[in-house]
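Asks: All the letters of the sequence shown, read from the start, carry residue numbers 1 to 933 under full-length UniProt numbering. Heads up, the beta-carbon is just placed ideally off N, CA and C, and yes, glycines get one too. Before anything else, here's the structure in question.
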Amino acid sequence: MRIKDTLNLGKTKFKMRGNLPVKEVEREKVWEDNQLYQQRQKLNEGKPSFVLHDGPPYANGDIHMGHAMNKITKDMIVRFKSMNGYRAPYVPGWDTHGLPIEQQLKKKGYNRKKMSTNEFRKLCHDYALKQVDRQRDEFKRLGVSADWDNPYLTLMPEYEAAEVRVFGKMADRGLIYKGLKPVIWSWSSESALAEAEVEYHDVTSPSAFFAEKVIDGNGVLDNDTYMVVWTTTPWTIPGSEGITVEPDFDYSIIQHDDDPKKYVIGTDLLDQDAEMFGWKNVRTLQTVKGKDLDNIKAQHPFDSSRQLVVMNGDFVTNDAGTGLVHTAPGFGEDDYNIGMQYGLDVFAPVDSKGYLTKEAGPDFEGVFYEDANQIALDKLKEQGQLIHYMPYKHSYPFDWRTKKPVIYRATPQWFASVDKIRKEILDAIDTVGFNPSWGQKRLYNMIRDRGDWVISRQRVWGVPLPIFYGEDGEPIITDETIEHIADLFGQYGSDIWFERDAKDLLPEGFTSKHSPNGKFTKETDIMDVWFDSGTSHQGVLAERPNLTYPSDLVVEGSDQYRGWFNSSLITSVAYADIAPYKHVLSQGFTLDKKGHKMSKSLGNTIAPSDVIKQMGADIVRLWVTSVDTSADVRVSMGNFKVVSDSYKKIRNTIRYMLANTSDFDPESDAIKYEDMNSVDQYMLIRLNQLIQNVKDDYDQYDFMSINKELLSFITSDLSAFYLDFAKDILYIDPKNGQRRRSMQTVLYTILVALTKLMTPIIPHTTEEIWSFLDEPEEFVQLAEMPEVKHFNGEDTVRSQWDQFMKLRKNVLKAMELARDDKVIGKPSEAKLTLYVDDATKKMFNDLNVDIGQILMVSQLDIKSIDDVDDQANRFDDNLAIKVEHANGETCVRCRLIKQDVGSDPDYPEFCGRCAKIVREEYPETATEGFEEK
C-alpha cells in the first residue's frame, strides 16, 4: 500500500472539458427521443397555469443573436416556471406572410406578374415552411424546450379564420373604414407600410424658403404681400393646398432694402432668417398674431388656377424655418389633419413607384420624386420666388426591408380606427405590468399619439381583406359574410379567396340592396402583417385549450412597443375589451462591439451558430444572463470567451464536488443538520439564502442578478472558502468519519440545489451533472426547484459566521503580507497568532470548530489583545495578527507542519492525527509499512 492509498482522493468521470459542441447535440437527441417537453407538461397537469405567449419571429433566413437572446430568455422563464409549481406550456410561433418572402422569391428569379396569384402564393407558402423548419432547428440547437411539433404559423387555416373573425368584430364595432389619407408609402416595395415597418436614418434634404403671393388679405394684409414659406420637400409643392401658421405666434410684416415687396415671417425667427437671407435694414411695418392670418388666400406658385388657404395649426414650431409651413394634405399626416379641418382637397400627384403624375404639371410629369426637388427649386428661382435654400440634415423614415426612403402619399386604403377606442386601449395599459417600468409610459404615449392604423397592403402573400363590393361600389362587410369566409378559410385556407369568384365566396342565396342584379366583386388587397401577428391572441391563446387568454407574459425587443405589443393590444381591446397580456418584458437590441447595429452588409454580425460550433449553446445561454438585456447589448467573441471562463469555473467546481461525493450515499451516509458542526450548518444556511435569492430573481426576470448570485456563491463561498479547507477533511479524515460525511452531506445538497437552479440557464450541462447524482428523476428537467429551508437558530449561526468571515479577511491580508516578506510560501507553512478581545474568543468557542483548520494554517495560537507584541499587525482595537513560519516537520500525509511528526514510531513521517487515522483505518500498515513512492 502507498501512502496515497490512505487518502480519500475522489474520482469522477465528469470531465473537466465539456466538449459542448459535440455533447450537446447528443443530449438534445436524448431529450427529443424521451419527449421531455411532453413529460414535463404531463407532470404539471392540474397546477396553476403560466403562459408565456411567443411573439412570432419572421420566417426568413437564419436566426441572429437578437433572436437567440430573446428565445433563450423565454426558455429560461418557462423552464423555471415549469420546475417551480406551474403548468407552463410554450407554443412557438412564426410570422409567415408579407413582403420579405415575396422579395426573396423575386431575387430567386420568379416574376409575380407572369404567373397566377395562386401559383405565386404557393411558392410563398412553400418558402415560408422551409424557413420555419430552418429556424426551428436553430432554436432547438439553443436548447429551447417547446411544443416544436405544434407551433403556430400565421398561414395556418385555423389561424387565418380567427383573424377574419377579429376583423369582422372590429367592423361590427364601426372601427373599419376606407379612406383617402396619406400613408407611409414605400415606392421600393410599392405598398403602404405601418409605422413599425420603418426605421429612421439621418438624411440631408434641400430646405427651401420661398415666397407665395397674397391674393386675398382679408383686410389684414395687402394683396401685394408675400408669405415666406418653408419646406424640406420641394417636390411636394405641386400638391400644396395651404400654408399653416401657429395661432398664438407673432408674425411680422416687413420690408428690406433690397426688395420693395412686403413679406410675412415669424417674429421669433426674423433675425436669424434675415441674416441667413442676406436682407439688409429690415423694417417691421406691422405685427399680427397667427390667428389674424386665418383664411387669408395666397396664389399657388406653380398653378395660377389654384388658391392656397392660410390655416391655424398647432404643429408649427419656431425652432427652425419661418413659422409658415407649406401644407399638402396628400403628402403628410399633419397636413391632412389640418386640411380636413379646412375642407381642402387631398391631392397627391405621385404614383406607386414614386414618379409624379401628369396632375403635377408638365414640368413634373414622369419625374422621380427626388429629382423633382431640383425642378421645383429651379421653377421658384425662375419666377423670382425662391428666397433661399440650403441642405438640411434631419431624421427621415426608411423602409426597414429595402433600406430605401419612404414618402407620404394619399391613396385609398382600409383603416382600423384607433381614435374611437383610444381611451379603452389606454385604460387597458393600466392593467398591465411592465419590465422595465418605463415600458408602460412608452406604450401609453405611442397609443395616445398614433393615428388610425392602415391595415391594407397592395400585395398578394397574406390574408385577404374579407370585403365584398356591391354594384354601386359600396363595401359589404356583414356578420353573415364574415362568418362564412372564416369558415371557408378555416377549411381551405385563404388561397380560396383567390381561387373563387366573389359570388362563389358569398353565402348561398346572399343578397344585398347594393347589388340589385346579384353581381359582386371582392377586395384584392391583403391585411397588414401586423394585423396577422397582432391577432395571435385569438388565433392561438383563445384557440388552444392548453393556453390562456390573456397570456401571463410576453417577451420581445423594445421595437415591439410600436410593433406587436401595439398591434395585439389594439386588436384585443377591439375584440374583447381586454389587454392580450398581463405583463410585458422588453429587451434591447444586439449591437457589435463598437455599438453599431449588426448588419451582414457591414460584416459585423456574429451568428449564434458560429459561437455554438466553437463553444456550445450553454455558453450563449450563460452569456444571456451576464448582460443587461433590458438595454442594448454589445456583442463580441471576446464577450463569449469571458463567459466561457466563467463556465469553466462552474464546471471545475462541480467536478470537484462530484469527485468528493462519489463514495457518498445520500440515503445511508447523510448527517442531520443538528448533528453537523457549525461551518457545515453555515454553508447550508448560505445555500438556502442563495436558493431564496435566485428564485426571487427568476420571478423578477432578473437574470443578471442570478448570474452574479450563482457565480459569487461558487467562487467565493465554495471555491475560495469551503472547498479550500475541505481537502483537510475530505482527503485526510477517515472515510466514514462524522466530519467527512457531514461535509459530504453539505456538498451533495449543494450539488443537487445548484444543478436545479442552473437548469433553466445551462440545461445541457446540468443534465450531464444530474447523471452523476443519485436522485429519483431520470432528468433534472423533470425535477422541482429546491425549496427554501429554515433551521433552528440559523440567525445566530449566520451572525457568528458573518463575524468570522470579516476576521478571516484580515487574516488573509496578514498572510499576504507574510508571503510578500518571504516569511511563508503558503498558508500551511504558517503559525498564526490571533490577538483578540473576549467577544471574539467567545465567538470562536461558540463556533466549536477547528479554527486553524478553517484558516488552513499548521499552527494557531489565540491570545488576548492585551498581550499583543510589536511583531503583530494591528487591524483594529480588538484584533492583531502575527504570522510566523510554523515549527516542526511536514507530515507527508496531510502536508501540515506539526511538532508531533514521528510521535508514533510505526509511522515516523506522520503527524499524530494522521498516524491515529491510518492505524485505525489500515491497521496492517503498522507492521507492513508502505511502498516506495
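Using the rule of at least 16 other Cβ atoms within 10 Å of the residue's Cβ for burial, across every protein chain shown, is E667 buried or exposed?
Replies: Counting Cβ neighbours within 10 Å, E667 comes out exposed, since fewer than 16 surround it.
Asks: Alpha carbons only, please: which of L52, G55, E190, K113 is nearest the one belonging to P100?
Replies: It is E190 whose Cα lies nearest to the Cα of P100.
Asks: Flag this pair as yes or no: are the beta carbons of L356 and F364 separated by less than 8 Å?
Replies: Yes, the pair counts as a contact, with Cβ atoms nearer than the cut-off.
Asks: Quick one, which of Y342, V350, D273 has its alpha-carbon nearest G239's?
Replies: Ranking the options by Cα distance to G239, first place goes to V350.
Asks: Roughly how far, in whole angstroms, is the beta-carbon of I429 from the beta-carbon of Q440, given that I think they are within contact range, below 8 Å?
Replies: I429 to Q440, Cβ: 6 Å. Contact.
Asks: With distance defined between alpha-carbon atoms, name the residue in S82, Y58, R17, W31 nearest to P48.
Replies: Among S82, Y58, R17, W31, the Cα nearest to that of P48 belongs to S82.
Asks: Which term fits E474, buried or exposed, when burial requires 16 or more other beta carbons within 10 angstroms of its beta carbon?
Replies: Per the 10 Å Cβ criterion, exposed.
Asks: Kindly list the residues whose CB is nearer than 6 Å to the CB of G313, restricted to its own chain and excluding five residues on each side of it in sequence; keep chain order.
Replies: Closer than 6 Å at the Cβ level, and outside the excluded window around G313, lie T244, I338.
Asks: My understanding is that F844 touches I685, with C-beta atoms under 8 Å, so please give their C-beta distance in whole angstroms.
Replies: Between I685 and F844 the Cβ distance is about 19 Å, and since that is not below 8 Å, they are no contact.
Asks: Any beta-carbon of chain B closer than 8 Å to the one on K641?
Replies: In the displayed structure, chain B is absent; only one protein chain is listed.
Asks: What is the DSSP secondary structure of G179, reduced to helix, strand or coil?
Replies: G179: strand per DSSP, three-state reduction.
Asks: Based on the DSSP secondary-structure assignment, which residues constitute the bridge partners of W185?
Replies: W185 pairs with A192, I407.
Asks: Just to confirm my understanding: we take R448, look at its own chain, exclude 5 residues before and 5 after, and list those with CB closer than 8 Å. What are they?
Replies: These residues qualify, in order along the chain: R422, L426.
Asks: Looking at the unbroken beta strand (DSSP E) that takes in N118, where does it start and where does it end?
Replies: N118 -> not in any beta strand (DSSP E); alpha helix (DSSP H) instead, spanning 117-141.
Asks: In the DSSP assignment, the alpha helix (DSSP H) including Q853 goes from what residue to what residue?
Replies: Note, Q853: alpha helix (DSSP H), 851-855.
Asks: Starting from I312, follow its DSSP beta bridges and name the residues at the other end.
Replies: In the sequence as displayed, the identity of residue 312 is Asn instead of Ile. V245, per the DSSP bridge assignment.
Asks: Nearest by alpha-carbon distance to I254: which of K262, D248, V620 is it?
Replies: Checking every option, the nearest Cα to that of I254 belongs to K262.
Asks: Roughly how many whole angstroms lie between the Cα atoms of I77 and E32?
Replies: In a straight line, the C-alpha of I77 is about 20 Å away from that of E32.
Asks: Within a Cβ cutoff of 6 Å, which residues of the same chain sit near K169, ignoring the five residues on either side of it in sequence?
Replies: Here the set comprises Y575.
Asks: Does the distance from the CB of P234 to the CB of K289 come in under 8 Å?
Replies: Their beta carbons are not under 8 Å apart, which means P234 does not touch K289 by this criterion.
Asks: Curious, which full-length alpha helix (DSSP H) runs of at least 4 residues does the stretch 229-299 contain?
Replies: Qualifying alpha helix (DSSP H) stretches, in chain order: 267-277.
Asks: Considering only residues of the stretch 587-638, which uninterrupted alpha helix (DSSP H) runs meet the minimum length of 4 residues and lie entirely inside it, listed in chain order?
Replies: Here the runs fully enclosed are 608-614, 617-626.
Asks: Give a yes or no on whether the C-beta atoms belonging to I862 and K831 are separated by under 8 Å.
Replies: No, Cβ-Cβ distance for I862 and K831 is not below 8 Å.
Asks: Buried or exposed for D479, going by 16 or more other Cβ atoms inside 10 Å?
Replies: It is exposed - the Cβ of D479 has fewer than 16 other Cβ atoms within 10 Å.
Asks: Taking the C-alpha atoms as reference points, what is the distance between L488 and L153?
Replies: Approximately 18 Å, taken between the alpha carbons.
Asks: Figure out for me which residue from A631, V642, E359 has the closest Cα to the Cα of L591.
Replies: Taking only the C-alpha atoms, the option nearest L591 is A631.
Asks: Excluding the 5 residues flanking T927 on each side, which residues of the same chain have their C-beta closer than 8 Å to its C-beta?
Replies: Cβ neighbours of T927 beyond the five flanking positions: D906.
Asks: F520 to R500, Cα distance in whole Å?
Replies: Those two C-alpha atoms are separated by around 12 Å.
Asks: For D724, collect the residues of the same chain with a Cβ closer than 8 Å to its Cβ; drop the 5 residues on either side in sequence, then sort them by chain order.
Replies: Within the same chain, D724 has close Cβ partners M856.
Asks: Have a look at the DSSP bridge pairing and note the partners of F210.
Replies: Per DSSP, V229, L386.
Asks: With burial defined as no fewer than 16 other Cβ atoms inside 10 Å of the residue's Cβ, what is the status of N445: buried or exposed?
Replies: Label assigned to N445: exposed.
Asks: Quick one: give me the first and last residue of the alpha helix (DSSP H) that L569 is part of.
Replies: 564-576 is the span of the alpha helix (DSSP H), which, as asked, contains L569.
Asks: Mark Y200 as exposed unless 16 or more other C-beta atoms lie within 10 angstroms of its C-beta, in which case mark it buried.
Replies: Answer is exposed; the Cβ neighbour count stays below 16.
Asks: Can you check which of these residues, N281, D696, L730, E471, is closest to H514 by C-alpha distance?
Replies: When only C-alpha atoms are compared, the closest one is E471.
Asks: Who are the Cβ neighbours of Y698 in its own chain at under 6 Å, not counting the five residues just before and after it?
Replies: Contacts found: F80.
Asks: What number of angstroms, rounded off, separates the C-alpha of E777 from the C-alpha of Q41?
Replies: Those two C-alpha atoms are separated by around 15 Å.
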